[in-house]
Amino acid sequence: MPTYIVTLRLPEAYDDEFIALIPRHRDFINRLLNEKIVEFYAINRSRSRGWITMNGDDEAAVQAVVEQFPLYHYLHDVEINELFIFDSTASRFPHISPN
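What follows is the structure, given as structure tokens:
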């Protein structure tokens, strides 16, 4: 299954409605992580940009999942790109300790 990188921008200011959606959004992301649909989810320190790697059949399938994010209507400049290479320490076998 192909892997995609989703890049996005968050709003400059958060209103009460945005803040109220955060727990539901985190629950949704955690479910996607548990189901291995999302590989990693990252928001920068200034809380202005985010990066998500997702597995999906095609770009349309990934877009359909992103549109289900509880915070979707607050996200700007959402881009989805299929990755040619996605390598990480998390996807490698753990080192064996001879203890």
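Start counting the sequence shown at 131; every next residue gets the next number (the numbering used here).
For glycine and all other residues, C-beta sits at the position ideal for the given N, C-alpha and C.
query                                                                                           : result
Simplified DSSP state of Phe170, which is helix, strand or coil                                 : strand
Local Cβ density within 10 Å of Met131, reported as buried at 16 or more and exposed below that : exposed
Best match in His206, Phe214, Ile152 for proximity to Tyr134 [C-alpha to C-alpha]               : Phe214
Contact belief for Leu140 with Tyr204 at Cβ below 8 Å, rounded distance in angstroms            : 7 Å
Pairwise C-alpha distance: Arg179 and Val208                                                    : 10 Å
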